[in-house]
Amino acid sequence: MLSTVAERLYWAARYLERVENTARLVKVYTNLILDLPDGVNVGWYNLVELNSCTETFEKRYKNQTERNVVKFLLADDFNFNSMMSALNAVRENIRTSRDEMPVETWEQINELHLYVKNNVQKAISRSNRHEFLDGVIQGSQQVNGLLSGTMSQDAGWEFLRLGRNLERADMTTRILDAGIAAILQESSTSEPAANFTQIVWGNVLSSLSAYVPYRKAMRTSVKGEEVTRFLIEDTYFPRSMLFCLNHMQDASSKLPRHDKVVKQIAKLSKQALKEVDHTRRDQSFRDYINDLQIGIADLHWCYAETWFPEQA
Numbered sequence: 190m191l192s193t194v195a196e197r198l199y200w201a202a203r204y205l206e207r208v209e210n211t212a213r214l215v216k217v218y219t220n221l222i223l224d225l226p227d228g229v230n231v232g233w234y235n236l237v238e239l240n241s242c243t244e245t246f247e248k249r250y251k252n253q254t255e256r257n258v259v260k261f262l263l264a265d266d267f268n269f270n271s272m273m274s275a276l277n278a279v280r281e282n283i284r285t286s287r288d289e290m291p292v293e294t295w296e297q298i299n300e301l302h303l304y305v306k307n308n309v310q311k312a313i314s315r316s317n318r319h320e321f322l323d324g325v326i327q328g329s330q331q332v333n334g335l336l337s338g339t340m341s342q343d344a345g346w347e348f349l350r351l352g353r354n355l356e357r358a359d360m361t362t363r364i365l366d367a368g369i370a371a372i373l374q375e376s377s378t379s380e381p382a383a384n385f386t387q388i389v390w391g392n393v394l395s396s397l398s399a400y401v402p403y404r405k406a407m408r409t410s411v412k413g414e415e416v417t418r419f420l421i422e423d424t425y426f427p428r429s430m431l432f433c434l435n436h437m438q439d440a441s442s443k444l445p446r447h448d449k450v451v452k453q454i455a456k457l458s459k460q461a462l463k464e465v466d467h468t469r470r471d472q473s474f475r476d477y478i479n480d481l482q483i484g485i486a487d488l489h490w491c492y493a494e495t496w497f498p499e500q501a
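Counting along the sequence shown from 1, when you hit position 215 you're at 404 in the working numbering, and nothing is skipped either side.
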């Protein structure tokens, strides 16, 4: 397989996952804001910081309002991390890789692209947001389901797996960071309400469709330390850090020249499992999450140097 084709498949999977993850993030944050007790001060700008887009946002908008943040994350073509930008990138990568994918993939991604293009402006107001975001999540899952059920499990499939799981691992750490940031922000201004942390962590689980798997695996109520441990260490839930790393290791081991990549994944897995106090909700825990995000970025560059040398 040509490295350019492999790279397009890898990025198609990453961008498709990013479309779904952005929809999930905005949806759950909308629910979180509505669920929080009166007087709790958790701002929408946290989502811009979560996506490392503060500089781009500030060039485009003067006010950190809900409307501006949602528009920036969903519909702003100048934001390369917006859902619309990611969907455009998915479409282009699939268009140029149609020989490697089932024929229906191009049809489905065009349907999703048309749906988002025609309806994304409606999602900026809360009244139509949930219906729109549910449609995006469903459309993304249909494409992934089609690929899982009908694509040959060859090298192209393994590059799709690498991209999907790396993007998932990255978003899981970002959502965890968002939960911790919300708790720290509220704790710095006042004594949090009794059920505040439970609401935050419940929404963190909901954003990843992880509530039922969490309850089955941990056999306890929603507790911050158990939520973070589950989303990092569980090896059965598809969006946990360790699950994604294990599947990336499996995929990379089936590709040529994989020794360096496998070692890098093993190193990151060890880093994720290092002894850390999951009961702490302070900057040290955010630093641990940040180190994992840096490790994920380093893993991407390891892939690029190994299999996409022209872009590394």
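Virtual Cβ for every residue (Gly too), placed ideally from N, Cα, C.
Inter-residue spacing [alpha-carbon to alpha-carbon] between residue i and residue j
i    : j    : result
I454 : V465 : 19 angstroms
E209 : G352 : 14 angstroms
R469 : S398 : 24 angstroms
Q482 : D366 : 10 angstroms
K306 : M430 : 32 angstroms
P226 : W390 : 15 angstroms
Own chain residues within Cβ distance below 6 angstroms of residue i, not counting five before or after
i    : result
Y403 : L394 and F419
R203 : G352 and E356
I222 : none
A278 : Y204
W233 : E255 and V258
V411 : Q387, W390 and G391
Range of the contiguous alpha helix (DSSP H) that encloses residue i
i    : result
G413 : G413 to E422
L276 : M272 to R284
R203 : S192 to D224
M290 : Per DSSP, M290 belongs to no alpha helix (DSSP H) and is neither H nor E.
P427 : Counting along the chain, P427 falls outside any alpha helix (DSSP H), and DSSP gives it neither H nor E.
Q327 : R315 to T339
R256 : E255 to L263
V401 : Y400 to M407
L239 : Y234 to L239
K248 : T243 to R249
Neighbourhood of residue i by C-beta distance below 8 angstroms, restricted to the same chain and skipping five residues each side
i    : result
P291 : L335, L336, T339 and M340
A406 : F419, D423, Y425 and F426
V237 : T243, F246, Q253, V258, F261 and L262
A371 : L221, V231, N235 and V389
V509 : Since the displayed the chain opens at 190 and closes at 501, residue 509 lies outside it and no answer follows.
Own chain partners of residue i with C-beta closer than 7 angstroms, once the 5 adjacent residues on each side are dropped
i    : result
H447 : S441
V194 : S286 and E289
G368 : V389, W390 and V393
Requested in this report: Mind the definition here: the region 292-306 touches the region 343-363 only if three or more C-beta pairs lie below 8 angstroms; say whether that holds.
Outcome: no
Query raised in the report: Taking only runs of the alpha helix (DSSP H) that begin and end inside the region 341-385, which ones reach a length of at least 4 residues, in chain order?
Result: Qualifying alpha helix (DSSP H) stretches, in chain order: 344-378.
Query raised in the report: Is the region 256-263 touching the region 306-318 in the sense that three or more CB pairs, one from each, lie closer than 8 angstroms?
Result: yes
Query raised in the report: Three or more beta-carbon pairs under 8 angstroms between the region 409-429 and the region 316-332, yes or no?
Result: Contact between the region 409-429 and the region 316-332 is absent, because fewer than three Cβ pairs lie under 8 angstroms.
Query raised in the report: Taking only runs of the alpha helix (DSSP H) that begin and end inside the region 439-501, which ones reach a length of at least 4 residues, in chain order?
Result: 448-461 and 472-496
Query raised in the report: Within the chosen definition, does the region 250-257 reach the region 269-282 through at least 3 CB pairs nearer than 8 angstroms?
Result: no
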